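> Residue numbers (my numbering), protein chains in the order written: chain U, 1 to 270; chain Y, 271 to 540; chain F, 541 to 810. Think of the CB as a built atom: it goes at the ideal place given N, C-alpha and C, for glycine as much as any other residue. Quantities reported herein were computed from a predicted structural model and do not represent experimental measurements.
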């Protein structure tokens, strides 16, 4: 169980941000075709290096040398599905931290079965909205598509169960993000609604979590740090944007510009 | 036959815009890999919810619960091809309105054959440029790739024939968009050249048409409304942009900000 | 061997830019799923017409009528792999210039074998970073993913060997781009670091090279022109941007706005 206070999390997050930029972790993203470009640009902006190696026979070997891996089920075509299992297996063997984002699971059969198969490979981090986390835990029927129909707090039981059964950190996105290792629960209350008005707002956060996870074995701390940096940057961007369109470039600029001092001043972690 | 006057179309379009935002229709987009991100962001900006469920066994069941479906043939890989037929069939059975965008058909064999197969499933709306609509009606040889080599008026006979034979609304894009149900012809003269200077300008409009189609059974009215909102937003955006690059975020902002009053003041419908 | 002086290259580049805009070459891009949208928008902004025809049975016939073809190995799924070989073969037969971008080859097995197969089809232009060009020549082990771990000058021997053995122009990207036909070596020193802080900066240049290659049989001159226009536009954009996010729309605007006069004033070619 983590014994960090909220203030510890803020200062750790700031230190991890500096470390990320000095180490430029290589993040393999096997993600959906809607958000590939945005995800790669988010990683570059924050200071990581993206690589989308998503075909069988390449995905596994690459996962062994990558700093972190994201497996996102948004558009699970046959080749990437095979690559996901290969990458997750190899990551587990090699000690590469990997993130599972079970996009829109619940009633859709292919991704729901795949998510269970991947969960059994014990992801280091599970990231999703409340509906998805509840569905992954087998406690509900899932939402309609990618909508977050439930409050993150409603998924706390599901998140805790997954964390304890599979040894994963579970991060549930919402107005306040809820992150747990099965014992401690950390809440990050930064962010902006416009992050939900552009596609990939949640998906790209999963890639950022994979990058931060490579920096320290305290996965609760790195997941909190990724969330805090990402959502504080969203707040900074919103003040420069006129709508969801101008929010995207402003957000990438903010991810590039946000520093430890700003993070310390603005992060709201409880 | 619609008996709406142009002024009726303007006021109906304004009312439908408000309705779209209150209902947030869920639009399933099986579209090409070039425009997935832009299409999703267009739908979010205008007030709809995007979902790209594009694999066999998931696409059909999802089309039954979606508000509307877009089937766009821009990059017709094998899995999405199967998903398109599955989704169109399920949409037809469930009464979910669906849009066919026969991108670049004519001489390219796979998509041309697929477009005919899908046309026989009687799409609620067909959207394309003049070349594509002429090719779909079997009246010409198609253009070079995605270029609009013909004036929309030149496709009016083809559009009318498709509308009458398959019960579809047919919308032909150009400087003035021509939309017909086989009897009435409505022309929308808003828009901006920069909409043709970014990829996906036409493709994303198809997704917006699918969203509006879920709001009312008068498919001519909803297709006109989608076109008017989309092209008026383009005009608003062009005045804030320095070129095609800055046009994209400005356009997404405008889609988010355009309201019924602005639409009533600016829509040019004949 | 080219006998152009650097000043000849500058004036030729300016003339080719005007010619590109008057001819609007049709560029078929079989590229990776991360950069499709950006690549298409770059082509449109600069004045070319993009088409992504990337499936077997369509890719070959289309390559015969396209002005130029890009084959980029970033995410080599099975269908595009087959389409790449088909398109490269057809392009070679039809005299359509084509560009090979061997993204991240070296240790990744599928793309490395595919790159060698495609190289044997004698691409008109090979574009890559130093690691990739060295790996393609069989002289090194490749980098980690898409990173440019070597200076372009370190790949000059590899570039020269490929150029002589396969009759290709070889362009190596870096702070100074090095371009050779196996005899002459031209260096273009424009550009901006932010071009490496967004995904697809190199990939889209390959598509631009394919467009310029359609304008003249002097492929060294057209490749230098594509590089100069592209990197000068990046410089112009950087002065209008706050970070990598706002750089993207500014870059597309600059590609649209850059003219022969600006190019003559700013291009640094040696």
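Counting pairs of beta carbons, one from the segment 163 to 179 of chain U and one from the segment 249 to 266 of chain U, are three or more of them closer than 8 Å?
With a cut-off of 8 Å, the segment 249 to 266 of chain U and the segment 163 to 179 of chain U do not count as touching, because too few Cβ pairs lie within range.
> Classify residue 189 of chain U as helix, strand or coil using the three-state DSSP reduction.
Reduced to three states, the DSSP call for residue 189 of chain U is coil.
> Mind checking whether residue 550 of chain F and residue 709 of chain F have CB atoms under 7 Å apart?
No, Cβ-Cβ distance for residue 550 of chain F and residue 709 of chain F is not below 7 Å.
> Contact criterion: CB-CB distance below 7 Å. Does residue 343 of chain Y meet it with respect to chain U?
It does not: the Cβ of residue 343 of chain Y has no partner Cβ on chain U nearer than 7 Å.
> Beta-carbon of residue 192 of chain U versus every beta-carbon of chain F: anything under 7 Å?
It does not; no Cβ of chain F falls within 7 Å.
> Against chain B, does residue 236 of chain U count as a neighbour if the rule is that its beta carbon must be under 7 Å from one of theirs?
The structure shown contains no chain B; its protein chains are U, Y and F.
> Counting along the chain, where does the beta strand (DSSP E) carrying residue 641 of chain F start and finish?
Here the beta strand (DSSP E) through residue 641 of chain F covers 638 to 641.
> Do you know how far the Cα of residue 802 of chain F is from the Cα of residue 514 of chain Y?
Straight-line Cα distance between these residues: approximately 19 Å.
> Using beta carbons (cut-off 7 Å, strictly below), is residue 469 of chain Y in contact with chain F?
Judged by the 7 Å Cβ criterion, residue 469 of chain Y is in contact with chain F.
> Tell me whether residue 42 of chain U sits in a helix, a strand or coil according to DSSP, three-state version.
Three-state result, residue 42 of chain U: helix.
> First and last residue of the beta strand (DSSP E) that includes residue 720 of chain F?
Residue 720 of chain F -> beta strand (DSSP E) spans 717 to 720.
> Contact defined as beta carbons within less than 8 Å: I believe residue 631 of chain F pairs with residue 609 of chain F. What is the distance between those atoms, to the nearest angstrom?
At roughly 5 Å, the Cβ-Cβ gap stays under 8 Å, so residue 631 of chain F and residue 609 of chain F are in contact.
> Could you say which of Y:434, Y:308 and Y:341 lies nearest to residue 455 of chain Y if we only look at CA atoms?
The residue with the shortest Cα to Cα distance from residue 455 of chain Y is Y:434.
> Between which two residues does the alpha helix (DSSP H) carrying residue 601 of chain F extend?
Here the alpha helix (DSSP H) through residue 601 of chain F covers 599 to 605.
> Within the 7 Å Cβ cut-off, does residue 202 of chain U reach chain Y?
Closer than 7 Å: no.
> Would you check if there are 3 or more beta carbon pairs closer than 8 Å linking the segment 310 to 328 of chain Y to the segment 202 to 214 of chain U?
Short answer: they don't touch.
> Using 10 angstroms around the beta-carbon of residue 109 of chain U, count the other beta-carbons present and answer buried if the total reaches 16, otherwise exposed.
Per the 10 Å Cβ criterion, exposed.
> Determine the chain Y residues that contact residue 788 of chain F at a beta-carbon separation under 8 Å, and present them in chain order.
Under the 8 Å cutoff, chain Y gives 515.
> For residue 601 of chain F, decide whether its Cβ has a neighbour in chain U, counting only Cβ atoms nearer than 7 Å.
Chain U contact via Cβ: absent.
> In the structure shown, what three-state DSSP assignment does residue 26 of chain U receive?
Correct three-state label for residue 26 of chain U: strand.
> Going straight from the alpha carbon of residue 748 of chain F to that of residue 780 of chain F, what length do you get?
The alpha-carbon atoms of residue 748 of chain F and residue 780 of chain F are separated by roughly 22 Å.
> Is residue 206 of chain U near residue 35 of chain U, with beta carbons less than 7 Å apart?
Going by C-beta atoms, residue 206 of chain U is not nearer than 7 Å to residue 35 of chain U.
> Tell me which same chain residues have a C-beta within less than 6 Å of the C-beta of residue 289 of chain Y, skipping the five on either side of it?
The answer, listed in chain order, is 485.
> Along chain U, in chain order, which residues have C-beta atoms closer than 7 Å to that of residue 310 of chain Y?
Neighbours of residue 310 of chain Y on chain U, chain order: 34 and 199.
> Which chain F residues sit within Cβ distance under 7 Å of residue 348 of chain Y?
Within 7 Å Cβ-Cβ: 619.
> Suppose contacts are defined by Cβ-Cβ distances below 7 Å. Is residue 179 of chain U in contact with residue 87 of chain U by that definition?
No, the Cβ-Cβ distance between residue 179 of chain U and residue 87 of chain U is not below 7 Å.
> Quick check: is the beta carbon of residue 477 of chain Y nearer than 7 Å to any beta carbon in chain U?
Not one chain U Cβ lies under 7 Å of residue 477 of chain Y.
> Look at the alpha carbon of residue 198 of chain U and the alpha carbon of residue 422 of chain Y, and state the distance between them as a whole number of angstroms.
So the two alpha carbons sit approximately 32 Å from each other.
> Do the segment 367 to 382 of chain Y and the segment 344 to 353 of chain Y meet, that is, are 3 or more Cβ pairs less than 8 Å apart?
The segment 367 to 382 of chain Y vs the segment 344 to 353 of chain Y: in contact.
> For residue 221 of chain U, I'd like the list of residues in its chain whose CB is within less than 6 Å of its CB, leaving aside the five on either flank, ordered along the chain.
Contacts found: 12.
> Just to make sure I have the definition right: I need the residues of chain F whose C-beta is within less than 9 Å of the C-beta of residue 44 of chain U. Which are they?
Going along chain F in sequence order, the residues near residue 44 of chain U (Cβ under 9 Å) are 736, 737, 738, 739 and 784.
> So residue 649 of chain F contacts chain U; which residues on that side make the cut at Cβ distance below 7 Å?
Within chain U, the residues near residue 649 of chain F are 57 and 58.
> Does residue 322 of chain Y get closer than 7 Å to chain U when you measure Cβ to Cβ?
At least one chain U Cβ lies under 7 Å of residue 322 of chain Y.
> With respect to the beta strand (DSSP E) encompassing residue 709 of chain F, which residues constitute its N-terminal and C-terminal limits?
Residues 709 to 713.
> For a contact meaning CB atoms closer than 8 Å, what does residue 814 of chain F contact in chain U?
As displayed, chain F neither begins before 541 nor continues past 810, which places residue 814 of chain F out of reach and without an answer.
> Compute the Euclidean distance between the alpha carbons of residue 28 of chain U and residue 83 of chain U, then round it to the nearest angstrom.
Computed Cα separation, rounded: 11 Å.
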